[in-house]
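Enquirer: Before I ask anything, let me first share the structure, which is written out below as structure tokens.
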Amino acid sequence: MAKELKQLTPREENYSQWYNDLVVKAGLAENSAVRGCMVIKPYGYAIWEKMQRALDDMFKATGHQNAYFPLFIPKSFFSREADHVEGFAKECAVVTHYRLMNDPEGNGVVVDPEARLEEELIVRPTSETIIWNTYKNWIHSYRDLPILCNQWANVVRWEMRTRLFLRTAEFLWQEGHTAHETREEAIEEAQKMIRVYADFAENWMGVPVIMGTKSANERFAGAVDTFTIEALMQDGKALQSGTSHFLGQNFGKAFDVQFATREGGMDYAWATSWGVSTRLMGALIMAHSDNNGLVLPPKLAPIQVVMIPIYKGDEELRRMTEELEKIASKLRAKGISVKIDNRDNVRSGFKFAEYELKGVPVRLVVGPRDLANGTVEMMRRDTLEKENVALEGIENLVEKTLEEMQQTIFQKALSFRNSMITKVDSWEEFKDVLENKGGFILAHWDGTTETEVAIKEATKATIRCIPFDTVDEEGTCVFSGKPSHRRVLFARSY
RNA sequence: CGGGGUGUAGCGCAGUCCGGUUAGCGCGCCAGCUUCGGGAGUUGGAGGCCGAGAGUUCGAAUCUCUUCACCCCGACCA
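For what it's worth, this note's numbering labels the leading residue of the first sequence as 38, then goes sequentially.
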């Protein structure tokens, strides 16, 4: 194993291979035997659980409740909303039968042809349809509104090409589905939730994001408006990390969800939906990692501090471990998660490399030398800086360091991201920046889908969003030369 | 779905063009000794239906056909 870990491909050569190696070698996930699906391993899942918990708290704090809706959706539900079908039809897993039987020819088990379902069931690619079919029964009056539900679930999208965490056939996510009395309230909800996502990305994951509105072409199937958070990976490609949709009355009408209004009339309910997925794991990995492996922000690290004894012989190992236990209990009292690695079958150098690969924020090493001096060697993962520090009061220093690292990791990603936003005013410049620098490009666009598609075909770059903080500015479209009133954000993306 | 590639030990690979003892190597694993402040050294050992099926041949990891799986590059997407 030792040698293997060193062979992480330098990112310059092939970033996606490097990424894949890292995910597997750090023990986060691996490809499963099932096409396009992945196995999330315990260490990876521990990170996801921390994300889940933090997000869930944020949802609760904004008045949402968790619920659960069926995995299977009758096929007919999909045809209710025209744009929605079109968006998802190409990537659905379909259940057609409900029983197996022994092959009469003796070749194991086959599908029982007698057991064909009258109406096929679709494995949910997203739950708007089944949820709005349910909301129809829940909503009769304006007094029943708003409904603010979230569900944690798995969904299936039969993607052509998959990539660990970023795009797998089955993935874990949360999807919020809300119903409102007015258009304004629904829009406010959708915007509130994209801000919750941005807050989470920046303050928990340490990943800076740009909030904005999707262009018509990139909008969610069935939405009136899609809001997004866009992050930038270290290879200069953008990653859509979360979306929040204002669905208008599209699903209210499609599922006939009408309610008695305050004024005594009838109206269709207004909807939003919003979601983030295990793709966030991909964002976390690609935003911070270096060639030694993962760099995890302390708030999401399953192990925040690893402690490694240096020793000769069993007796010394026992003494060092005892010493580490004392430090560990002080750290644990502060709510810090600590692991003592006193395995005697691998050497300390191996352990150092292993925890760096796994992104453990702080490493403490204690050997006989330290014991004599009353010191500990402390290393922080983000800078790889080592320091001999006093054993006395170590818990306060570690606590402070973890907080500092959370900031440092974010600041580093932020200054990288900011350095990768380029304003361009000509088509030549646009292509040049895309080819040679990458990252986000702020450029004028004439607002038409034709131009957007033409740019995509020519360069593979898409409009990531029209940022919320865009200021009005007159100019001409970099592609068509037609008048434009603001710059939008372009990038190549995952 | 198009174009390319790969299936040989737990992992990474060589061998395949040009068929020929008992199929190799590195890492890992097990046991012993020496080590232990940045991925240990050494000695011994275990581990294989060469992806699956059919064929050609005295003989197949190697040739032919069929099939399955996975990876990479596109189109699609959180």
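Cβ atoms here follow ideal geometry from the backbone N, Cα and C, with glycine treated the same way.
1. Is N265 buried or exposed, if buried means 16 or more other CB atoms sit within 10 Å of its CB?
2. Alpha carbon to alpha carbon, how far is M416 from V426?
3. Do you know how far the Cα of D93 is from the Cα of R204?
4. So, are the CB atoms of W110 and I176 less than 8 Å apart?
5. For a quick check, are the C-beta atoms of K395 and A83 less than 8 Å apart?
6. Leaving aside the five residues before and after F516 along the sequence, list all residues of the same chain whose C-beta is less than 7 Å from its C-beta, in chain order.
7. In angstroms with no decimal places, state the Cα-to-Cα distance between R220 and K290.
8. Taking W169 and V342 to be in contact with their CB atoms under 8 Å, please state how far apart those CB atoms are, rounded to whole angstroms.
9. Enumerate, from N- to C-terminal direction, the unbroken alpha helix (DSSP H) stretches of 4 or more residues contained entirely within the segment 87-163.
10. In the DSSP assignment, what are the bridge partners of Q188?
11. Let me make sure I understand the geometry here. Which of Q228, L137, F296, A268 has the alpha-carbon closest to that of A306?
12. Mapping the DSSP letters down to three states, classify A83 as helix, strand or coil.
13. Assuming W241 contacts A91 (C-beta within less than 8 Å), just tell me the rounded distance between them.
14. Just to confirm the assignment: which complete beta strand (DSSP E) runs, minimum length 3, are found wholly within the segment 191-266?
15. Under DSSP, the alpha helix (DSSP H) around H325 begins and ends at which residues?
16. Grouping DSSP H, G and I as helix and E and B as strand, with all else coil, what is K423?
17. Would you decide whether P335 is buried or exposed? Buried here means 16 or more other CB atoms lie within 10 Å of its CB.
18. Between E472, A495, M457, S178, which lies nearest to L526 when the distance is taken from Cα to Cα?
19. Kindly indicate which three-state DSSP category R523 falls into: helix, strand or coil?
20. Looking at the secondary structure, which residues open and close the beta strand (DSSP E) in which F453 lies?
21. L185 and G259: beta carbons closer than 8 Å?
22. Can you tell me where the beta strand (DSSP E) holding K376 begins and where it ends?
23. Within this structure, are the beta carbons of H522 and I446 separated by less than 8 Å?
24. Where does M270 fall in DSSP's three states?
25. Who are the near neighbours of D533 in its chain, counting only those whose CB is closer than 6 Å to its CB and skipping five residues on each side?
26. On the DSSP bridge assignment, give the partners of L401 in chain order.
27. Measure the alpha-carbon distance for N51 versus S530 and round it to whole angstroms.
28. Would you check if the distance between the CB atom of Y179 and the CB atom of R299 is smaller than 8 Å?
29. Using 8 Å as the threshold, is the C-beta distance between P162 and R454 below it?
30. With L471 and T496 assumed to form a contact (beta carbons below 8 Å), what rounded beta-carbon distance in angstroms separates them?
Expert: Inspection of the coordinates gives the following:
1. The residue asked about is misnamed: residue 265 is Thr in this sequence, not Asn. T265 is buried by the Cβ-count criterion.
2. Separation of M416 and V426 (C-alpha to C-alpha, rounded to the nearest whole angstrom) is 10 Å.
3. 23 Å
4. Note that residue 110 is Ile in the sequence shown, not Trp. No, they are not a contact pair.
5. Going by beta carbons, K395 and A83 fall outside the 8 Å limit.
6. W464, T488, A491, I492
7. 14 Å
8. Not a contact, Cβ separation roughly 47 Å.
9. 112-115, 119-125
10. E212
11. F296
12. Note: A83 maps to helix in three-state DSSP.
13. 5 Å
14. 207-217, 246-250
15. 316-325
16. The answer is strand: DSSP assigns K423 an E or B state.
17. Answer is buried; the Cβ neighbour count reaches 16.
18. M457
19. coil
20. Per DSSP, F453 belongs to no beta strand (DSSP E); it is in the alpha helix (DSSP H), 431-456.
21. In this structure, G259 does not lie closer than 8 Å to L185 by Cβ.
22. 375-377
23. no
24. coil
25. Examination of residue 533 is not possible in this model, given that the chain is present from 38 through 531 alone.
26. M344, M415
27. In a straight line, the C-alpha of N51 is about 16 Å away from that of S530.
28. In terms of Cβ geometry, Y179 and R299 form a close pair [threshold 8 Å].
29. no
30. Confirmed, about 6 Å.
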